[in-house]
Structures are given as structure tokens and as C-alpha cells.
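Residue numbers (my numbering), protein chains in the order written: chain A, 1 to 369; chain B, 1 to 308; chain C, 1 to 369.
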């Protein structure tokens with residue numbers, strides 16, 4: 001599928017012209033709006049994961065014929081099943097976005113089999129062909145953006161020591177840490193990334209302590225993978241370190257220290273989904289992509305990013321946009337000296353092996369357990 | 001290790017730095033609770049007060065532009081919640097532990113409710129004083145960037161210690177805590193004394209909250225406290241209602257909170273969840289060691305519901 | 001509410017004080033038990049209505065949506081009952097020790113340990129018939145949770161450690177143990193991005209009450225509450241507990257073994273919370289992971305106090321609090337109120353009910369006693 005031919009702006013104009021309301025509403029009562037429900041696990045203005053989704057929802061809100069309903073801080077228990085059902089039964093929602101990873105199994109699967117006429121779009125890429133056909137999973141290869149952020153970080157760091165504040169040692173997080181490190185080592189082959197796991201997705205005091213510990217170890221550029229990067233960004237900037245953001249653009253929090261960041265681009269993806277539904281072609285059950293497919297993006301470079309760094313990062317970005325680029329390819333050695341990808345093997349983004357990542361590459365200081 | 005790093009020295013330094021950075025909320029809440037409990041009443045609601053304090057300090061600092069007005073308003077908010085606690089407790093047959101739990105829920109809920117629009121904005125923060133000027137090592141400099149509130153808290157502990165022993169109102173609070181009948185016989189209103197003690201306790205807890213949102217970690221969000229208020233209440237019990245012991249216990253707690261991340265940064269990666277729970281293990285262990293079923297805790301106010 | 005029952009009483013009370021004493025002696029207390037909490041609840045709702053009115057919302061819309069979300073449709077009822085189910089069990093974890101004058105607020109910890117124990121039980125008997133697995137899970141959950149709270153009781157009895165504080169500290173410790181096991185020794189290698197134990201298997205799930213979507217936890221809760229009520233109010237053991245709860249010294253004088261009472265009651269309390277953990281695994285999640293720490297244990301404290309620690313009253317109060325939780329979604333979506341509204345309302349109700357304790361035995365027309 002080639003999504004890149006439609007630019008985001010054209011898509012927005014196009015969808016407006018399509019008069020979505022009639023197209024979608026034809027299924028139910030005549031002029032009724034299509035109701036889309038968004039469910040967030042945390043606060044939707046967390047400067048992070050949930051805010052990225054809410055930004056996508058906000059774009060849909062502006063489109064004619066759509067009614068967007070939202071509920072935040074819904075835990076990953078049967079409460080989310082009831083929230084989804086409530087949106088369907090009491091609000092007439094026909095498209096749901098349960099955005100937290102932990103909603104899928106068993107909650108989305110269960111609810112989707114119960115309401116076959118409602119479309120469930122879960123963020124996380126967990127759908128398999130055994131699951132209900134009216135459920136779908138989407139996710140972005142945000143490691144591509146992390147790779148580019150790594151390049152910028154590698155050029156900017158004076159000590160060659162980078163820091164990563166991470167929540168849990170799960171494949172998605174490890175993949176980001178590894179991509180960031182590999183990117184950094186393109187710029188500076190001696191660069192290292194030190195990781196601290198805080199243990200959970202939202203632990204402000206631990207995140208601040210991790211940030212300080214990393215800087216005490218001589219780290220001068222930090223990034224993170226937690227739900228709300230605000231704590232890390234502000235505390236690192238206060239101590240004079242540079243930061244790369246995550247989830248959304250955190251430049252307003254630290255305009256001088258912010259180098260760049262790996263961001264979701266849900267505001268481009270969600271209108272595409274709505275358009276696919278309206279046109280009748282439907283949303284693919286499994287939908288993934290990276291920079292090229294406009295599912296992720298890289299924040300604009302901050303003032304501290306050198307000309308060399310910009311040039312290098314832009315070059316790599318152009319490769320991603322043009323033909324795609326393989327980040328994880330052999331020979332790749334982990335930080336215990338074991339070869340994890342043999343020479344000659346290329347693991348492209350869609351390779352299922354990458355979904356099981358349980359190692360940290362050479363250059364990362366830290367351990368997965 | 002390369003030039004800028006200080007290797008294994010990170011751990012003790014982080015523990016000291018953590019003791020200074022993380023301990024302040026514990027210190028304020030425990031000192032406040034110390035006053036309240038000495039008057040014979042326990043306020044478990046200080047978790048809610050801490051969170052309300054954090055939220056109101058951040059909000060007021062954001063709208064007024066002055067973090068110090070934020071700190072003050074956090075204190076006032078705390079005092080009001082304290083007054084609410086004392087007011088309800090002064091009704092007959094009302095259990096102060098239960099009211100505390102209720103206010104924990106109410107305070108947290110209200111703070112989350114009112115604080116929704118404050119998660120995103122950035123409010124002016126409290127300044128820090130540089131005590132690391134003598135050192136060339138940036139890590140030491142950073143660890144010794146101390147906030148005035150911390151110094152105020154540290155100074156408050158001995159002052160309270162002295163005040164409980166040597167001043168009239170200190171004696172009055174202790175008398176009320178030991179025997180309300182005695183206080184009544186001396187012609188004082190027990191309820192009024194407890195009202196004041198709870199309000200002062202709430203005031204201090206609110207200020208502790210302002211430290212969280214205005215200094216460290218330094219912004220408002222809903223996961224900010226993660227139980228620090230209630231842990232601080234536990235701390236008072238094992239500090240045996242002694243303000244100086246509250247100070248040491250708070251410092252130990254702050255240090256323990258920094259231990260997990262610091263150990264990881266030097267390569268100790270096993271069981272970080274267990275290290276993160278270190279402060280709770282520590283409190284429990286100290287309570288087990290210091291408590292005894294045979295006698296009442298030394299220093300325990302006789303009127304306190306939880307020690308009877 | 002009870003107006004029909006009360007008015008005649010009042011009338012009689014004025015005319016013939018002598019004749020109403022018997023009636024009031026028999027029913028005065030019961031009337032109080034309904035009238036006072038009812039008035040407190042009404043007062044709390046009015047205050048909450050004023051509170052939301054301050055934010056420009058119509059309080060009558062609020063009441064309407066609360067009713068609709070909690071009890072307005074069959075779906076809403078099921079939503080409410082599903083949320084009430086775990087709360088009955090966790091409330092008993094506070095209500096039972098309260099009979100002895102102990103304030104235990106660590107039900108959440110017992111729930112987590114119960115869930116871990118139940119999951120472990122299911123995982124060590126992979127080929128056993130489902131009923132055997134389910135019984136083993138229930139037993140393991142109850143024993144695990146029971147021992148966890150018994151530890152609190154033992155610390156109180158033999159070391160004089162305050163049970164309120166220690167039970168709370170044990171919640172954080174239980175959570176750390178759970179996270180450690182789920183991400184380490186007990187982790188299912190296939191649970192990639194959501195560290196979890198292995199699944200207990202679809203065959204071993206206990207499912208829903210026939211004809212509803214409410215899981216069996218509700219029935220377990222009803223049974224546990226009823227049994228607890230009988231145990232406390234209609235057995236010698238319960239009598240001993242109440243004697244000891246009223247006056248420890250008197251209990252010792254009449255030769256009661258207070259230590260045994262404390263340990264037994266704490267075990268039973270923890271067993272209830274542990275059972276709710278087992279139900280969360282066997283009816284909802286199918287495995288153990290961090291999702292289990294959803295705060296049911298903490299809401300249970302609220303339920304127990306609102307029920308004035310009466311095991312039977314726990315049932316309607318759990319339904320009420322479940323209903324508030326169920327309506328929270330509608331308040332977010334229709335009225336634009338933040339999710340924390342539910343917490344605020346719960347807090348206000350809690351404060352009102354506690355303050356209303358002062359009214360017992362003081363209502364003018366019921367003062368005949």
C-alpha cells in the first residue's frame with residue numbers, strides 16, 4: 001500500500017470535500033453524525049503518549065460529520081470493556097480507538113467479538129488473524145525517528161555519553177534504546193547510551209532521580225521512553241544537559257536544550273483511517289509504518305543542533321523517506337558480546353524477530369533484567 | 001571511567017543528593033503530623049493535603065508568576081483541609097482515622113479535578129541556593145543545589161523539638177495529647193487546641209506539596225506524590241513523635257528513594273522493583289524493630305487513637 | 001424513602017410517648033440506619049451538584065447522567081454490578097478487622113498477592129480438569145491473601161506495630177513483588193510488550209453469571225458478605241470478636257485468646273481480598289500483570305466505612321460506589337467533567353457519612369429510646 005502519495009494537507013481538504021457525514025452516516029440513520037470514541041489510559045494533556053493520541057482526536061473533531069467522544073484515565077481492567085460498551089450503547093459510537101497497549105488482550109478482543117458491527121482500532125500492533133475481523137491494530141516504527149534523534153544526539157554530545165530514562169525492559173522500549181544508540185554511533189562510533197529503568201510508565205520522582213543519576217555519570221544528552229517525558233525534559237534542561245523528546249514535541253518545555261525528538265503523527269493517520277472507512281475500502285486489520293508512511297515524525301531541530309548534525313540527520317531521513325532503510329542488520333553484537341544478528345542478515349521493520357527484541361546492543365550500558 | 005563521570009561515587013553522592021532533593025516533602029509532612037499527633041489526633045489525610053498543596057502551589061505560581069505566593073497558598077490550602085479534618089473530628093463519635101482516609105480521597109480527587117488544566121503549562125519554580133561553590137566537580141555542585149524550603153524544614157525540626165519542651169503552647173499541645181481531661185481542667189478547650197494543631201499540620205503538609213510541584217520533580221501531574229504523604233505519616237510513628245528523629249528519618253527516606261536509580265546507573269540492575277520499594281521495606285523493618293507489644297511506644301501521646 | 005414508616009411514628013410519638021417506646025426500641029435503630037446514611041448521601045449529592053454548578057454545569061444534567069450511567073438501562077446495571085463485584089470482597093477486608101477495632105487499609109496488597117497465588121496454582125496444574133483448577137485457584141488466592149493480612153495482624157499482636165500503617169506499607173511491597181515476579185521469574189516470554197505471567201487458559205476461566213455479563217465475583221461477594229455477617233452476629237466466635245473489639249481488657253478477663261481472634265479475623269479478611277484477586281484473574285484478565293493494581297483494594301476501604309463496617313451493608317454500598325464509577329464515563333463524555341469527579345464525589349460522600357455518625361441517637365422523634 002502506498003500512503004505517501006497523499007500529503008496530509010491534501011488529505012484533510014479532501015476529506016472535508018467528501019462530506020464524510022453522508023458517506024459514513026448512510027449506514028445508520030440519515031444525517032446522523034458518525035461517533036468516534038477515544039479511550040486514554042492516562043491524562044490526555046500529559047505532554048506524552050496520551051496527548052499524542054488526543055492531538056489526533058482533535059483533528060477528527062474539526063472534520064464535518066464526525067462526533068468525537070473521549071474518556072481518559074480508564075484502567076486496563078474490565079472497566080475499559082464497560083467504557084467501550086458504554087460508548088457503543090449510550091453514545092452510538094461505531095469506531096473506537098482504545099489507545100493503550102494493555103487494553104487489547106483480553107478486553108478489546110472480547111468486546112470486538114461481542115459487537116461485530118463496531119470497528120475497534122487498537123494502538124499497539126497486536127492483531128493476529130485469529131482475532132475478530134472488526135478489530136485492528138496499528139502502530140508506528142518510531143525507532144526510525146529515534147535513530148535520527150540518536151544521530152543528532154551523537155553529534156551534540158561532548159562526553160559521548162547519552163542517557164535513556166526508560167519505564168520497563170520490554171521489546172518496544174529496547175528497540176527504541178537500540179535504535180537511538182545505533183544512530184548515535186553513526187555520528188560518534190565511541191558513543192554510549194546508559195539506561196535506567198524506572199519500573200513503571202509514570203513515576204515522576206523516579207524519573208527525576210534517574211535523570212540526575214545519569215547526568216552525574218557524565219551524560220550530557222538524554223532521552224526517554226515513559227508516558228510523560230515532561231519530568232525528564234525539565235530536570236535535564238535545568239542541569240544543563242540536552243534532551244531529545246518522545247511522543248510529542250516537548251520543545252516548549254525547554255526551548256534551548258531541546259535537540260529533536262521522536263514523535264507520533266496520529267494527526268495524519270486518524271483522518272486517513274476515517275477516510276478509508278468512508279470510502280468503503282475499510283481499514284486494514286494490521287497497519288504499520290514509519291516516517292515514510294507518516295505515522296511517526298521527527299521534531300524540528302532545536303537551536304543547539306550543529307550544521308553537521310542537521311545535514312547528517314537529514315540525509316538519513318531522506319533515505320527513510322525514499323526507499324526505506326534497515327536499522328537492525330548484521331553483524332550486530334549485543335552489550336554482552338553475543339552476536340544477535342548474523343552478518344549478512346537484514347531485519348527490516350516488518351521482521352517479527354524485532355518484535356521479540358530482548359537485548360541491548362553494543363554501546364548500551366545497562367541490562368534487560 | 002571517562003573524565004566527566006565519577007563512577008561508583010555516584011551512589012553515595014546520589015544518596016546524599018537524593019536525601020536533600022527527595023526528603024523535603026517527607027520532612028514537612030512528618031513535622032506537621034508530629035504537631036497534630038502530639039495534640040492527640042491523627043490525620044491520615046495528609047496525603048490528600050500534600051497533593052492539594054502541590055496542585056494549588058503550581059496553579060497559583062502559574063497565574064501569579066510568583067512561586068512564593070504559590071507556596072503560601074499551598075500552606076493555606078493545607079490549613080483549610082486541616083480545619084475541615086478537625087471540624088469533622090470534633091463531632092461526637094467520629095473516628096479520626098476514618099476522617100483522614102476520607103480526606104485523603106477528597107483532597108486527591110479535588111486536586112486532580114482542579115489540576116486538569118495545569119498539567120500542561122509550565123509555572124515559575126522556586127529558586128535554589130548553590131552550596132556547592134567550593135567544589136569543582138559538577139556532580140557535587142548539582143547535589144548541593146539546595147532549596148530554601150529544605151533549609152527551612154531542617155531548621156524547623158530543632159525549633160519544634162525545643163518548642164515542645166520549653167514553650168507554653170508546646171506544653172499545652174502535649175498536655176492535650178496526654179490527657180484531654182488535664183487540659184480541660186486547666187481551662188483550655190481541647191477541640192480548639194486540636195483544631196489549631198491540625199491546621200498547623202495541614203499548613204506544613206501543604207508546603208511540602210508545593211516543594212514537589214515547584215522544585216523537585218518540579219511540575220504538576222497526577223502521579224506526583226505516589227504515596228509520599230501517607231509514608232510520611234508512618235514515619236512519624238517510627239520517629240516516636242520526636243521532631244529531630246523525623247528529620248533523620250526523612251533524610252534516610254529521601255536517600256533510600258535515590259538508591260534504586262543510582263544503583264542502576266553504576267550497573268546494579270537486578271531487581272530494581274525491589275530496590276524501588278526500599279523505603280517501604282525500611283519503614284516496616286524499623287517499625288518492627290522499634291515497636292513492642294509490652295509497653296506503649298515511648299513518646300506516644302496517650303490520647304492518640306492508634307496507640308490506645 | 002422511609003417517609004411512610006416515619007410519619008406515623010412521629011405522630012404517635014407526640015400523642016402517646018409511653019406506647020411508642022416499644023416500637024422505637026425495636027425499629028428506631030433500623031430506621032436510623034437507613035435514614036441517616038440516606039440523608040448523608042442526599043446531602044453529599046447536593047453539595048456535589050453545587051460544586052459542578054460552580055464550573056458552569058447544570059446539576060440536574062449531572063443527576064440525570066449519573067442515574068442513566070449507573071442504573072438507567074440494563075447495560076448500565078450490568079456495568080454497575082460488574083464494578084461492585086470486587087468491591088464487596090475488598091470491603092470485607094476492612095470491615096472484618098474493624099469488628100476488633102482494627103483499621104486495615106491494605107486490601108489492595110492482599111488482592112495482588114491473592115491474584116499471584118491463584119495464578120501460580122493454575123500454572124502448576126496445567127492438565128487438571130477446570131473445576132479442580134478453579135477450586136485450587138480460589139483456595140490459593142484466599143490463603144495467599146489471608147496470610148498477607150495475617151502478617152499485619154501478627155505484627156500488631158506480637159510486635160505492637162500499628163496495623164493501619166503496616167498494612168499500607170505492605171501494599172507497596174506487594175506491588176513491588178508482583179512487578180518483580182511478572183517481569184522476571186514468572187514472565188511469559190511471549191508476553192512481549194505487556195509483561196505478564198502465562199495465561200491460566202480459557203478453559204479455566206470462570207465466566208459470567210448466566211443471563212448476564214456480570215462475572216461470578218458478584219456471587220462470591222454476596223456469599224462472603226452473608227457468611228461474614230452470620231459469623232460476626234450469630235456465632236460464639238463472632239460474639240467473642242465483638243467483645244474483644246469493644247474492650248480488650250474485658251475480653252482478656254473472661255479468658256478470650258485475643259491473639260487467636262486477631263489472627264483468625266485478619267486471615268479471613270485477607271482471604272476475602274485474595275479471593276477478589278483470584279476472580280480478577282479467573283474472570284477478567286486470565287493472567288497476572290500490573291493491570292491488577294487497579295485500586296479496588298483502596299475503594300473497598302471507602303465501601304467498608306460507608307457501610308459502617310457492617311458486612312451486609314457492604315453489599316448495597318458497593319453497588320452505589322460501583323454505580324458512581326459506572327456513571328463516571330458519561331460525566332466525562334456528556335458533561336465534559338474530568339475523570340476525577342468520581343473521586344471528588346466519593347470523597348464528599350465519605351465525609352458526609354462520617355460526619356453523620358454524630359447524629360445517631362440524636363434525632364428528635366427517634367429519641368424515645
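Just so you know, even glycine gets a beta-carbon here, dropped at the ideal spot from N, CA and C.
Please read all numbers here as calculations on a predicted model, not as lab measurements.
Taking a Cβ-Cβ cut-off of 7 Å, residue 249 of chain B has no neighbours in chain A, whose nearest Cβ is about 17 Å from it. Residue 276 of chain C carries a helical assignment under DSSP once its states are collapsed to helix, strand and coil.
If you draw a straight line from the Cα of residue 48 of chain B to the Cα of residue 26 of chain B, it is about 14 Å long. Fewer than three Cβ pairs drawn from the region 306 to 322 of chain A and the region 331 to 351 of chain A lie within less than 8 Å of each other, which leaves the two stretches out of contact. Any Cβ of chain C closer than 7 Å to the Cβ of residue 92 of chain B would place that residue at the interface, and such an atom is present. For residue 264 of chain A, the enclosing beta strand (DSSP E) begins and ends at 258 to 264. At the C-beta level, residue 269 of chain C and residue 149 of chain C come within 7 Å of one another. Judged by beta-carbon spacing, residue 61 of chain B lies beyond the 7 Å limit of residue 53 of chain B, meaning their Cβ atoms are not closer than that value. For the set A:161, A:41, A:85, the Cα lying nearest the Cα of residue 123 of chain A is the one of A:41.
Neighbourhood of residue 205 of chain A in chain B, by CB distance below 7 Å: 22, 217, 226, 257, in chain order. Where residue 93 of chain C is concerned, the enclosing alpha helix (DSSP H) starts and stops at 74 to 98. Counting every other CB atom within 10 Å of its CB across the protein chains shown gives residue 270 of chain B a total below 16, marking it as exposed. Rounded to whole angstroms, the Cβ separation of residue 198 of chain C and residue 123 of chain C is 6 Å, and the two are in contact under 8 Å. Annotated three-state conformation of residue 39 of chain B is coil, per DSSP. For the region 193 to 233 of chain C, not one full-length alpha helix (DSSP H) segment reaches 4 residues or more. The beta carbon of residue 55 of chain B does not come within 7 Å of any beta carbon belonging to chain C, so the residue lies off that interface. For the region 42 to 76 of chain A, the residues whose beta carbon sits under 7 Å from a beta carbon of chain B are, in order, 43, 45, 46, 47. For residue 362 of chain A, the nearest beta carbon of chain B is not closer than 7 Å to its own beta carbon. Counting along the chain, residue 194 of chain A sits inside the beta strand (DSSP E) bounded by residues 192 to 197. For residue 119 of chain B, the neighbours in chain A by C-beta distance under 7 Å run, in chain order, 43, 45, 46. Sequence-ordered contacts of the region 235 to 261 of chain A with chain B read 235, 238, 239, 252, 253 [C-beta pairs closer than 8 Å]. Distances from the CA of residue 112 of chain B to each of B:305, B:222, B:17 were compared; the closest alpha carbon is that of B:222.
Straight-line spacing of the CA atoms in residue 95 of chain A and residue 135 of chain A works out to 10 Å. Under the DSSP definition of a beta bridge, residue 222 of chain A partners with A:163, A:243. Chain order gives the chain B residues near residue 355 of chain C as 88, 91, 94, where near means a beta carbon separation below 7 Å. Residue 115 of chain C sits close to residue 281 of chain C, with the two beta carbons spaced by under 7 Å. Between residue 105 of chain B and residue 286 of chain C, the C-beta spacing is not below 7 Å.
Relative to the Cα of residue 271 of chain A, the nearest Cα in the group A:64, A:341, A:359 belongs to A:64.
With respect to residue 186 of chain B, residue 161 of chain C sits apart: the two C-beta atoms are not nearer than 7 Å.
Around residue 220 of chain B, the same chain offers 54, 55, 58, 59, 115, 118, 119, 123, 213 as residues with beta carbons nearer than 8 Å, after the five sequence neighbours per side are excluded. A residue is called buried when at least 16 other Cβ atoms come within 10 angstroms of its Cβ; residue 234 of chain C does not meet this threshold and is exposed. Nearest Cα to residue 249 of chain B within the set B:11, B:50, B:20: B:20.
In the three-state DSSP reduction, residue 98 of chain A falls in the strand class (E or B). Of all residues in the region 228 to 245 of chain C, none is placed with a Cβ closer than 8 Å to any Cβ belonging to chain B.
Of all C-beta pairs linking the region 244 to 254 of chain A to the region 297 to 304 of chain A, three or more are shorter than 8 Å, placing the two stretches in contact. Using a Cβ-Cβ cut-off of 8 Å, residue 176 of chain C is close to 273, 274, 276, 277, 280 of chain B, given in chain order.
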